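One structure is given here, and the rest of the page talks about it.
Number of protein chains: 2
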Amino acid sequence: MAARGPYAKGVAKREEILTAALEVIARQGYRKTSTKELAAAVGLSEAGLLHYFGSKEKLFEAVLRARDEADVDRFEESDLIGKLTAIIRHNSDVPGLVQLYSTFSAEAGDPQHPSHPYFVERYARLRESLADAVRARQSAGTFSPAADPEVIATVLIALSDGLQVQSQFGLPVEPADLLTQVVGLLGSAGGAVDS
Amino acid sequence: MAARGPYAKGVAKREEILTAALEVIARQGYRKTSTKELAAAVGLSEAGLLHYFGSKEKLFEAVLRARDEADVDRFEESDLIGKLTAIIRHNSDVPGLVQLYSTFSAEAGDPQHPSHPYFVERYARLRESLADAVRARQSAGTFSPAADPEVIATVLIALSDGLQVQSQFGLPVEPADLLTQVVGLLGSAGGAVDS
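Top to bottom, those sequences are chains A and B.
Taking this note's numbering, I'd label the letters of the first sequence as residues 53 to 247.
Taking this note's numbering, I'd label the letters of the second sequence as residues 53 to 247.
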């Protein structure tokens, strides 16, 4: 049975806010989106909006969490390395979200930023999941056994973060194609790979 | 003969401001540095400070230009690929500047940001210079002739940008060591290399 009453209403409202925020930010970018405007989009005052999340930073964190979940569900690639490439390809359609992610994560580099712990946890988790995907490919004989899974995971995350920033200023290649090329090079370096 | 008069004084004051800004931002980070504070550090009002640069964005652009010049002069590595690695290693000592660069470049991804053209030009120039360094290594027989210099340059920039963001949240490896490893792997992939 589904939850009822004020709690369920709160959950539904949070969902509504996140959906609206994803749409508004994707359309007009992080820099131009104020919490006032997000509040207006869901018929709330700014204080009313922040009541659901605690702070502007927690709202943006929730937007990024919702986006990560949507991205993982959206793509049917067999493993996380394939999904990462599909996500990078999809990102060129939502520059506003790329901007939110790039700017907010850079700001949160400051250890005193309220969302610093969120990114510490997110990067550690993503790195571990990608390292698992590398190990699975190594077991399947499709990725060089000489590669260090943690190092490859770190490189893939850095590359996708960096390519997203760089692509905003014009790139000679498609970021997703470039990621695929690099995965191929790293996967075949220093060890025999079945083909 | 050196320039004299009001023009030379203006140039000297700009230099003084940039030196102070580099120091303050390196120490306390981009997020916590206000133009008001930078103005106070050089004995100017906020309006007086911005008079020398036109806007807050143009001031930060000038800080990043000054930092790029200082970095290129600081290291004696034989080529730009070596310098890039040395710069990445040096960056762990100046997290505030890394934060300025990461956050400001991410914000400037918006085509309407006043510093968007600066980054378009900076990335294009850096990519071309790194591609030249790859070509020089290929001519010298120390980098795989199968590699596309523009692609390698794009990968190296993305990796260093991405590693700088990621390193703020904890990394299992030193960014500079990782860059060196990846240069080695890319440089030996798909073609014979003299050793």
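Cβ coordinates follow ideal geometry from the N, Cα and C atoms, glycine included.
Here the structure is a predicted model, which means the values were calculated and not measured.
So which residues of chain A does Tyr-175 of chain B contact, with C-beta pairs closer than 8 Å?
Per Cβ cutoff of 8 Å: Gln-218, Phe-221 and Gly-222.
Any beta carbon from chain A within less than 9 Å of Ile-209 of chain B's own beta carbon?
Cβ-Cβ to chain A under 9 Å: yes for Ile-209 of chain B.
Between the alpha carbons of Val-76 of chain A and Thr-87 of chain A, how many angstroms are there, rounded?
Approximately 11 Å between the Cα atoms of the pair.
Is Arg-83 of chain B helix, strand or coil by DSSP?
Reduced to three states, the DSSP call for Arg-83 of chain B is coil.
What's the C-alpha gap between Thr-85 of chain B and Phe-156 of chain B?
Distance from the CA of Thr-85 of chain B to the CA of Phe-156 of chain B, rounded to the nearest whole angstrom, comes to 13 Å.
With H, G and I counted as helix, E and B as strand and the rest as coil, what does DSSP make of Gly-161 of chain B?
DSSP places Gly-161 of chain B in the coil class of the three-state scheme, outside both helix and strand.
Hey, is the segment 196-210 of chain A in contact with the segment 166-183 of chain A, meaning 3+ C-beta pairs nearer than 8 Å?
Contact holds: three or more Cβ-Cβ distances are below 8 Å.
Got a sec: is the Cβ-Cβ distance from Gln-151 of chain B to anything in chain A below 9 Å?
So yes, Gln-151 of chain B belongs to the interface.
With a 10 Å radius around its C-beta and 16 neighbouring C-beta atoms as the bar for buried, classify Ala-158 of chain B as buried or exposed.
With 16 or more Cβ atoms within 10 Å of its Cβ, Ala-158 of chain B is classed as buried.
Taking 9 Å as the CB-CB limit, is Val-235 of chain A close to chain B?
Taking CB atoms only, Val-235 of chain A has no neighbour in chain B less than 9 Å away.
Buried or exposed, going by whether 16 or more other CB atoms sit within 10 Å of the CB of Ala-198 of chain B?
So Ala-198 of chain B counts as exposed.
CB contact below 9 Å: Lys-110 of chain B versus chain A
So, not an interface residue.
Do three or more CB pairs link the segment 100-112 of chain B to the segment 163-175 of chain B at distances below 8 Å?
Contact between the segment 100-112 of chain B and the segment 163-175 of chain B is present: three or more C-beta pairs spanning the two stretches fall below 8 Å.
So which of B:Gly-214, B:His-165, B:Tyr-104 and B:Val-146 has the shortest CA-CA distance to Ala-64 of chain B?
When only C-alpha atoms are compared, the closest one is B:Tyr-104.
Comparing C-alpha positions only, which one of B:Ala-210, B:Ala-91 and B:Gln-233 sits nearest to Gly-222 of chain A?
Gly-222 of chain A has its Cα closest to that of B:Ala-210, out of B:Ala-210, B:Ala-91 and B:Gln-233.
Alpha carbon of Leu-237 of chain B to alpha carbon of Phe-195 of chain B, nearest angstrom:
In this structure, the straight-line span from the alpha carbon of Leu-237 of chain B to that of Phe-195 of chain B is close to 10 Å.
Do Ile-139 of chain B and Val-186 of chain B have their CB atoms nearer than 9 Å?
Judged by their CB atoms, Ile-139 of chain B and Val-186 of chain B are not nearer to each other than the 9 Å cut-off.
From the DSSP output, in three-state form, read off Gln-233 of chain A for me.
Per DSSP, reduced to three states, the secondary structure at Gln-233 of chain A is helical.
Simplified DSSP state of Pro-197 of chain B, which is helix, strand or coil:
Coil at Pro-197 of chain B, not helix or strand.
Buried/exposed call for Leu-230 of chain A, threshold 16 Cβ in 10 Å:
Counting Cβ neighbours within 10 Å, Leu-230 of chain A comes out buried, since at least 16 surround it.
Starting from Gln-190 of chain A, trace the alpha helix (DSSP H) in both directions and tell me its first and last residue.
Unbroken alpha helix (DSSP H) run through Gln-190 of chain A: 168-191.
List the residues of chain B that Val-225 of chain A touches, going by C-beta distances under 9 Å, in chain order.
Simply Asp-200, Glu-202, Val-203 and Thr-206.
With a floor of 4 residues, list each alpha helix (DSSP H) that falls wholly inside the segment 64-115 of chain A, ordered by position along the chain.
Note on the segment 64-115 of chain A: whole alpha helix (DSSP H) runs with a minimum of 4 residues are 87-93 and 98-105, in chain order.
What is the rounded straight-line gap between the Cα of Leu-96 of chain A and the Cα of Tyr-59 of chain B?
Linking Leu-96 of chain A to Tyr-59 of chain B through their CA atoms gives a straight-line distance of about 54 Å.
Tell me where the alpha helix (DSSP H) around Gly-134 of chain A begins and ends.
Boundaries of the alpha helix (DSSP H) around Gly-134 of chain A: 132-143.
Hey, Val-150 of chain B and Ser-219 of chain B: beta-carbon distance below 9 Å or not?
Contact: yes.
For Ala-228 of chain B, the nearest candidate out of B:Leu-215, B:Ser-240 and B:Gly-239 (CA to CA):
When each option's Cα is compared against that of Ala-228 of chain B, the closest is B:Leu-215.
May I ask you to report which of helix, strand or coil DSSP gives Glu-226 of chain A?
Glu-226 of chain A: coil per DSSP, three-state reduction.
Chain B contact residues for Leu-182 of chain A, given Cβ-Cβ distances below 8 Å
Neighbours of Leu-182 of chain A in chain B, taken as residues whose beta carbon is under 8 Å from its own, are absent, since the nearest beta carbon is some 12 Å off.
Min CB distance His-168 of chain A to chain B below 9 Å
True, the Cβ-Cβ gap to chain B drops below 9 Å.
Closest to Tyr-175 of chain A by C-alpha separation, out of A:Leu-102, A:Ala-241 and A:Asp-120, would be which residue?
Nearest of A:Leu-102, A:Ala-241 and A:Asp-120 to Tyr-175 of chain A, Cα basis: A:Asp-120.
Grab me the residues of Arg-141 of chain B's own chain with a C-beta within less than 7 Å of its C-beta, minus the 5 sequence neighbours each way, in chain order.
Closer than 7 Å at the Cβ level, and outside the excluded window around Arg-141 of chain B, lie Ala-228.
Inter-residue CB distance, Ser-154 of chain A and Val-217 of chain A (contact presumed, cutoff 8 Å):
Rounded, the Cβ-Cβ distance is 5 Å, consistent with contact.
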